[in-house]
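Data first, discussion second: the structure below is written as structure tokens.
2 protein chains.
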Amino acid sequence: MQELIEKGKSAKEAAYRMASVSTDLKNKALLAMAEAMCRETEYLLKENTVDIENGRKNGMKAGLIDRLTLTDERIHAMAEGLRQVAALPDPVGEMVEQTRRPNGLRIGKVRVPIGVIGIIYEARPNVTADAAALCIKAGNAVILRGGKEAAYSNRAIMQVMQKAAYAAGLPEGCMHLVEDTTRESATALMRLNQYVDVIIPRGGAGLIRAVVENATVPAIETGTGNCHVYVDASADLEMAKRIVINAKTQRPSVCNAEEKLLVHQSVAETFLPGMIQALTEKGVEIIGDETVCAVYPKAIPATEEDWAEEYLDLKIGIKVVASIEDAIAHINRYNSRHSEAIVTESYINAQRFLDEVDAAAVYVNASTRFTDGFEFGFGAEIGISTQKIHARGPMGLRELTTSKYVIYGDGQIR
Amino acid sequence: MQELIEKGKSAKEAAYRMASVSTDLKNKALLAMAEAMCRETEYLLKENTVDIENGRKNGMKAGLIDRLTLTDERIHAMAEGLRQVAALPDPVGEMVEQTRRPNGLRIGKVRVPIGVIGIIYEARPNVTADAAALCIKAGNAVILRGGKEAAYSNRAIMQVMQKAAYAAGLPEGCMHLVEDTTRESATALMRLNQYVDVIIPRGGAGLIRAVVENATVPAIETGTGNCHVYVDASADLEMAKRIVINAKTQRPSVCNAEEKLLVHQSVAETFLPGMIQALTEKGVEIIGDETVCAVYPKAIPATEEDWAEEYLDLKIGIKVVASIEDAIAHINRYNSRHSEAIVTESYINAQRFLDEVDAAAVYVNASTRFTDGFEFGFGAEIGISTQKIHARGPMGLRELTTSKYVIYGDGQIR
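Protein chains in written order, with numbering that gives the first Met the number 0: chain A, 0 to 413; chain B, 0 to 413.
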């Protein structure tokens, strides 16, 4: 695919130069990009209108149209996002460790940019600015491939950013948008090993599956979240209720929202009626196992599929378990390795849950909703990794770098 | 493939239990495995004989037969390797960092096992013991898939290790050998996403390519090494000669051996004749660019392919460059991101080379032969990663772990 080969080559060349660009210059460019975005609001809105009209013509749902829509305010928010990235510390150049070997070699491990990062994402145009800013700040070149629904908006945002960044002095070619928005271009980007060092998909389960199946470039899965809250026998039940309501209802459409509630059998009778009432008052649909359906006959009986599903909606699956062992086994069987919480007053059970549950983030007595780069204090987030290599959990600037060993010798041989 | 599904499932279940096995128990098991290996020397030698006979029947080269052959001494060396792994510090449980957020959440990042590691390797039976020991020590379950040439030896080693490890108390299923040694079993292992968390290929370029092409499980490429030594204008030429001889000839068949020599034009005339003489005295074949062929007419003219090739032999490609820029550009174009060295007395050029060369390990005034887990002080090595995500350069026990965020709350909600 000619477009990808050209952009890949250009990005690779720029990546070598990006590796030695100073923090000052990167920050200056990010601020110039923010300024340009504000100055070009009118142009961005005009291009965005084309996407919105196309969306309406194609019968796009109101919710998606809303996510696609740019406004004055949203453009200023994007610009503000760029300024925030400029304000973050630069991870590049940090000496992670340095040792001196018996033969006198000094071996240092230093953070360096990854090189060329490919990002495949879906409809929201603000990702174009966010993702480019984070990759650039970490010293990488970036190739973005957004969804066709936002093609005009994405192209306009990229043009405005490129012009400002290159005028500020960043190497030309350090950011690209793939204009071909066919499925083939996404697949080609995942297989562009010659030029791309890592692929990060940001989107739903279908996109993640396509990357797992087709990518030959190393990928970082940012994933789905089938997150559980387990209410232990010794839980503070009022705290449990607050945590469940928050984890389930504060923002049900995101990956760190709770999808399943597990309740120890010894507290089920006391806890479930009030909990279910509080959930239904918030409009949450209850899917339950046999015990739950007996307590609350309006519950929909859970199927095997329910336990593995990420609803991303005002729906919750509830199951009564006989022990903490059963809770942990259920979670490790069905979860998506994202975020899991226990509510307990037991020291032993808290430790055991932290040790044995297999997930990127495991909580004691807190809502799963905190799994987020901002909440973790990283100041930014490119996604939440649910795989185990390279990065696990919220990924900030540091996760957009790799390391290099630098070795200072004075003639050592083996 | 039934065998893989069964072993995958068994390994996955064992992996959950392995995550909480104490360091003491892991060490006890490793020592028991070492002891069993020494006790069962006769059995191991007998099984090894079958592989050797099959190798001879199939016309295997003497060098390969030698690598395949077990002796009393080699079996004791394998056992000693297991004891050394037992003596290494356990990476699991290390709290890498812990922060306290404004809302009181304490967020810790702790090292945990990866889970199930699949290793695909070629002929040498000692890898069976080495790789299993490292994976186990880092708290993982492991599925090994060795080459068919060593099938009997590998099976015998695995049986001896399993019996000792399980008797010592390690969870059954924590180590498996795939007995099917067809190409299909390797491919199936790379695609066993349901049970395998990461795949590490250990072998030549063909195996690495097969993994890049076919793996759906995240893989860590351990790679080929087209390593360069660049002799700068200001180099101490005696030191340069020592380093080149060492890097090229001390062990030419390994990935951190030098394959190419770049020489700054201003020292070419002084340096090349003596250097070439020293190399040829060591039996090294010279492949050169035009200048080199002019200085040394017996040199074989280099083709474009030569610059990218990993000879793994007593052969060297030599090129004269006009500047350090040209040297860096040539290296970044042709190298395999493994190990690169500059010999220089210039502070500026040393820094520049360290900054701009894209490789796992970049040296000033030392031989590339030091890129090795033991030389780096890790006490062990599972391979040398030439990719940029997860691990770069020599991988020790730490690189066989991932991290998990553990979050201590007291009722926090968003």
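We treat Cβ as the ideally placed atom computed from N, Cα and C, and that holds for glycine. None of the values given here were measured: they were computed from a predicted structure.
DSSP places Lys-6 of chain B inside the alpha helix (DSSP H), whose first and last residues are 1-17. Among the CB atoms of chain A, one or more fall inside 7 Å of the CB of Ile-406 of chain B.
Here the C-alpha atom of Ala-150 of chain A lies approximately 20 Å from the C-alpha atom of Cys-134 of chain A. According to the DSSP assignment, Arg-413 of chain A belongs to no beta strand (DSSP E), since it is labelled neither H nor E. Comparing alpha-carbon positions, the option among B:Glu-148, B:Tyr-194, B:Glu-212, B:Thr-40 lying closest to Glu-5 of chain B turns out to be B:Tyr-194. Residue environment for Ile-347 of chain B: exposed (fewer than 16 other C-beta atoms within 10 angstroms of its C-beta).
In the three-state reduction of the DSSP assignment, His-389 of chain A falls in the coil class. Sequence-distant Cβ neighbours of Pro-217 of chain A in its own chain, meaning closer than 6 Å and more than five residues away, are Val-197.
DSSP assignment within the region 312-391 of chain B yields the following whole beta strand (DSSP E) runs of 3 residues or more, N-terminal first: 314-320, 338-342, 360-365, 382-384. Taking C-alpha positions only, Ser-21 of chain B is separated from Ile-412 of chain B by approximately 34 Å. Sequence-distant partners of Val-283 of chain B (beyond 5 residues in either direction) whose C-beta falls short of 7 Å from its own C-beta, in its chain, are Lys-247, Thr-248, Leu-313, Lys-314, Ile-315. Residue contact with chain B for His-227 of chain A: absent (no Cβ-Cβ distance below 7 Å to any residue of chain B). Per DSSP, the beta-bridge partners of Glu-257 of chain B are B:Cys-226. Between Lys-8 of chain A and chain B, the shortest Cβ-Cβ separation is not below 7 Å. Segment contact: the region 253-267 of chain A against the region 217-228 of chain A, three or more CB-CB distances shorter than 8 Å; contact assigned.
Arg-144 of chain A is bridged by DSSP to A:Ile-119. Nearest in C-alpha terms to Arg-38 of chain B, of all of B:Lys-8, B:His-75, B:Thr-48, is B:His-75.
Take the alpha-carbon of Gly-222 of chain B and the one of Glu-237 of chain A: they are about 55 Å apart. By the neighbour-count definition (other C-beta atoms within 10 Å, threshold 16), Ser-335 of chain B is a buried residue. With respect to the C-alpha of Tyr-333 of chain A, the residue from A:Ser-184, A:Glu-309, A:Tyr-15, A:Val-319 having the closest C-alpha is A:Glu-309. Of all residues in the region 343-370 of chain B, only Ala-349, Arg-351, Leu-353, Asp-354, Glu-355, Val-356, Asp-357, Ala-358, Ala-359, Ala-360, Val-361, Tyr-362, Val-363, Asn-364, Ala-365, Ser-366, Arg-368, Phe-369, Thr-370 place a beta-carbon less than 9 Å from a beta-carbon of chain A. The beta-carbon of Gly-376 of chain A is placed less than 7 Å from the nearest beta-carbon of chain B. In the structure shown, Ala-232 of chain A adopts coil according to DSSP, grouped into three states. Excluding sequence positions up to five before and after Asp-179 of chain A, its CB lies within less than 6 Å of the CB of Glu-2, all in the same chain and listed in chain order. Scanning chain B for C-beta atoms nearer than 7 Å to the C-beta of Asn-245 of chain A yields Ile-412, Arg-413, reported in chain order.
No Cβ of chain B is located within less than 7 Å of the beta carbon of Pro-251 of chain A. For Val-95 of chain A, no alpha helix (DSSP H) run applies; the uninterrupted beta strand (DSSP E) run containing it begins and ends at 94-99, by DSSP. By the Cβ criterion, the region 153-165 of chain B is not in contact with the region 91-105 of chain B, since fewer than three pairs of Cβ atoms, one from each stretch, lie closer than 8 Å.
For the pair Gln-386 of chain B and Gly-224 of chain B, the Cα-to-Cα distance works out to about 12 Å.
Neighbourhood of Arg-201 of chain A in chain B, by CB distance below 7 Å: empty, with the nearest CB roughly 16 Å away. Interface with chain A (7 Å Cβ-Cβ cutoff): Val-211 of chain B is included. With fewer than 16 other Cβ atoms from the protein chains shown falling within 10 Å of its own Cβ, Ala-204 of chain B counts as exposed. For a Cβ distance threshold of 7 Å, nothing in chain B lies close to Arg-110 of chain A: the least Cβ distance comes to about 11 Å. Counting along the chain, the unbroken beta strand (DSSP E) around Glu-284 of chain B starts and ends at 284-287.
In the three-state scheme derived from DSSP, where H, G and I count as helix and E and B as strand, Pro-272 of chain B is classed as helix. Annotated three-state conformation of Ser-402 of chain B is strand, per DSSP.
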